[in-house]
Amino acid sequence: MDALQNWFYWTWKIGESSELKTSSCPMWHYKLGLEKGWIPKDPRGSKGVCDSAAAHISHSTASIPHQRQAGPGKIVPTPAFPPATLSPGLEAAALPTYTATGTLKSLAGPTFTAAPKVDAGSGWSNPDDNELAYVPVAGCSYPNAYSAVSVAVPPACTGA
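Read in order, the letters of the sequence shown are residues 1 to 160 in UniProt numbering.
So, in structure tokens, the structure goes:
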């Protein structure tokens, strides 16, 4: 917590999941952390914890198998995306897809009234990045992204 100035958990609020009626991310759950003791009641009591924990970590690569070290030939090739199948045997082609036909969303640059000669830009940092945004395909039905675990896969709708 030293790197976070001791106050990270005291400014972060995660409560019970409205769907699960319990914590969906217990290590980030402030109230649960206080109850179970992994978040100290007084943040000042955590001073030095990170340094003391890091002191016991070896930075030597001698004990790391060569397969896990970086270097030429050690980088795993990027897997195909989207994957052809998902466990347990679900065909990825049967899942609803999105189409790259939407307009990009960009926040406007700030305006400065006290300094009218400042050019804050357009809000888009890379003018060469002009691919369209992915949006739902018109006429397709999509399950709720947060509670679709036991929902049947809808009919294929690829937008083709």
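Virtual Cβ for every residue (Gly too), placed ideally from N, Cα, C. As the structure is a prediction and not an experimental result, all values here were calculated from the model.
- Sequence-distant Cβ neighbours of L132 in its own chain, meaning closer than 8 Å and more than five residues away, are A100, T101, G102, T103, L104.
- By alpha-carbon distance to A108, the top candidate from G123, P77, Y98 is G123.
- Residue state for A93 is assigned as helix, using DSSP reduced to three classes.
- Cβ contact annotation for L86 (same chain, cutoff 6 Å, sequence separation greater than five): A92, in chain order.
- In the DSSP assignment, A100 falls within the beta strand (DSSP E) that extends over 98-102.
- Of all alpha-carbon atoms in S106, Y98, G33, the one lying nearest the alpha-carbon of N130 is that of S106.
- In the three-state reduction of the DSSP assignment, V153 falls in the coil class, being assigned neither a helical nor a strand state.
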